[in-house]
Amino acid sequence: MYDSPVSWGADLAALVRLTATGRLHPQIDHHLPWSRVGDALTMLAERRLRGKAVFHLGD
Numbered sequence: 086m087y088d089s090p091v092s093w094g095a096d097l098a099a100l101v102r103l104t105a106t107g108r109l110h111p112q113i114d115h116h117l118p119w120s121r122v123g124d125a126l127t128m129l130a131e132r133r134l135r136g137k138a139v140f141h142l143g144d
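Each residue of the sequence shown is one higher than the one before, counting from 86 in the numbering used here.
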């Protein structure tokens, strides 16, 4: 089902390229501090997370 991690690099590069050129528009639902990862997992399990969750490290 999943390819090896070696092949992920090309996929991630393609996603970055599509985002940078404006052809891919990821939906950011929440910006959270890293300390709230558990809250995001709860939201995901309860289907309350409709887009991506972005976690911030540090202050």
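Even for Gly, the Cβ is constructed at its ideal location relative to N, Cα and C.
| query | Under a three-way DSSP split, which group does Leu117 fall into? | reply | DSSP places Leu117 within a strand segment (E or B) once states are collapsed to three.
| field | Beta-bridge pairing of Val139 - partner residues as DSSP gives them | value | Paired residues: His116.
| request: May I have the straight-line CA-CA distance separating Ser92 from Thr104, to the nearest angstrom? | output: Each residue's alpha carbon lies about 19 Å from the other.
| query | If you drop the 5 nearest sequence neighbours on each side, which residues of the same chain put their C-beta closer than 7 Å to that of Ala138? | reply | Once the five neighbours on either side are set aside, the close Cβ partners of Ala138 are Asp114, His115, Leu117, Ala125.
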